[in-house]
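Just so you know, the sequence shown maps onto residues -10 to 393 in our numbering.
Ideal placement from N, C-alpha and C gives every residue a C-beta, glycine not left out.
Have a look at the structure below before the remarks.
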Amino acid sequence: MENSAETIFFENLHLHPDAMEGIASMGFSKPTPVQEQAIPVILSGADLIACAQTGTGKTAAFLIPIIHHILTQTRSGTQALVIVPTRELTVQIDQQLQGLGYYSGISSKAVYGGGDGAGWELEKTALTQGCDVIIGTPGKLLQHMVMGYVQLDSLKFLILDEADRMLDMGFYEDIMRILDYLPKKRQNLMFSATMPPQIRQMAKAIMHKPVEISLALAKPAEGIMQSACLVQESDKARLIHHLLEGKKMESILVFASTKSSVKQLAKTLADIPGFSVRAMHSDLDQPTREATLNSYRNREFQILVATDILSRGIDIDRIELVINYNVPQDAEDYVHRVGRTARAENTGLAITLISPRELESFKRIEKLVGYQIYRMKLPDGFKEGHAPATPERPHRSYNRKKKG
Ligand code: AMP
């Protein structure tokens, strides 16, 4: 489906006034491209497959029509089940729903486990009594479902968000088992950053004549200034010091590939005057991860060093700088990592540090995004690896639409 040439406004979508209030309160003035395309399809009642990466506004693309539906139909029991790959994404979608649904009194429950026994009981209560929207990770949802108390008879929408990620994480079986607990007649919406054959297979198994929309190719979102630097592995931490020293920045996200490098790097960067640093990795328990994310959102510290646990789906506003301490192995992960900056209408900067050993992986990334990423010159006192030709100025990338 092609985007129409005419600008669509939220006012043109004939949404319930309370849904419009929610949109206004979030400060959204007009729909993003994925919202322009997806919202009318969802409102029409059709199944939908949307190829859209995070940062495009895809969450609101499905939440807005769901809120509209809840407001305009007889409201009883759980109306929508959103299945997502990670706990962080569960919480984030729930928060966006609370914002958008503020004037609608929408009830929701994030089901992600990892909390304590009291958390389980709260989830159980919500699932038994039925809230408007349930958002959860596959494993945790299934644990509740097999207990037999989950009430989903009135479910209208099933949403699979970040479907490709869920398959990568091995959730296919869990998702299929969850389907056994859902009413057969429902509207299915699937969002995925990529469309590998397994996703199409899953869509075929689950969906009924889906409308397909495709916006984001595997390209970093509009507004991200990307650059890269060839540097010896052993110099990387020192280079980050050098780049940040004396600068005034509030929100920097540094990705490293392994838990141990995250922990180490967080310690090293703590020496930079004027910056405080925290680490985020899967060894931390859920409450600590949430508290860290919240403090980061509230600008209580400036540098968050994280593994890929944060690369997809996490919505933190106004990250000024993303640093890839390592070149991600998976080229798609690069897009997700740099996508943490320049959310929606913001702009941001991303720097990738490439050791000579990582150059081949980085070239694969450039192949995927379809252009060469600007190579920054190393400051004096740093040793380069092999430096290929440098384009003239930083590349500002744009979301391109797939033809046809
Ligand atoms: P998502 O792709 O769902 O992770 O959304 C990325 C960011 O875009 C979030 O911070 C949203 O609050 C924001 N956003 C979503 N829709 C709009 C819109 N229509 N106008 C401005 N920002 C938006």
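- L116 places its beta carbon less than 8 Å from that of V139.
- L178 sits away from T67, with the two beta carbons spaced by 8 Å or more.
- With 16 or more other Cβ atoms from the protein chains shown falling within 10 Å of its own Cβ, D121 counts as buried.
- At least one heavy atom of ligand 1 sits closer than 7 Å to the Cβ of G44.
- Of the other Cβ atoms in all chains shown, 16 or more fall within 10 Å of the Cβ of G337; this residue is therefore buried.
- Taking one beta carbon from each stretch, the region 94 to 111 and the region 172 to 191 have fewer than 3 pairs nearer than 8 Å; the two do not touch.
- Take Y170, set aside five residues on each side of it, and the residues of its chain with a beta-carbon closer than 7 Å to its own are M134, V139 and L141, in chain order.
- In the three-state reduction of the DSSP assignment, Y323 falls in the helix class.
- DSSP, reduced to helix, strand and coil, places G88 within a helical segment of the structure shown.
- Y91 sits away from S18, with the two beta carbons spaced by 8 Å or more.
- Residue range P22 to L32 is occupied by the alpha helix (DSSP H) that includes Q26, with no beta strand (DSSP E) assigned at that position.
- Take the alpha-carbon of Q187 and the one of V324: they are about 20 Å apart.
- Residue environment for T45: buried (at least 16 other C-beta atoms within 10 angstroms of its C-beta).
- Remark: the shortest separation between the CB of Q26 and any heavy atom of ligand 1 does not fall under 7 Å.
- Taking a contact to require three or more Cβ pairs closer than 8 Å, the region 124 to 132 and the region 69 to 80 qualify as touching.
- In chain order, S265, V266, R267 and S284 place their CB closer than 7 Å to the CB of F290, counting only its own chain and leaving out the 5 sequence neighbours on each side.
- A buried status is given to F146, since no fewer than 16 other beta-carbon atoms sit within 10 Å of its beta-carbon.
- Residues P127 of the same chain have their beta carbon placed closer than 6 Å to that of F160, with the five preceding and five following residues left out of the count.
- Q253 is bridged by DSSP to nothing; it lacks a bridge partner.
- Rounded to whole angstroms, the separation of the alpha carbons of I202 and G263 is 45 Å.
- The beta-carbon distance between I59 and S93, rounded to whole angstroms, is 7 Å. This is short enough to meet the 8 Å contact definition.
- For F244, DSSP records a beta bridge to A295 and N313.
- Not one heavy atom of ligand 1 is found less than 7 Å from the C-beta of M179.
- Relative to the Cα of R346, the nearest Cα in the group A280, Q275 and S223 belongs to S223.
- Residue pairing for A39: DSSP places it in a beta bridge opposite F180 and I202.
- Residue C218 holds the alpha-carbon nearest to the alpha-carbon of F351 among V80, C218, G119 and L78.
- Taking the C-beta atoms as reference points, A107 is found no nearer than 8 Å to D153.
- Pairing A27 with E162, the inter-Cα distance amounts to about 27 Å.
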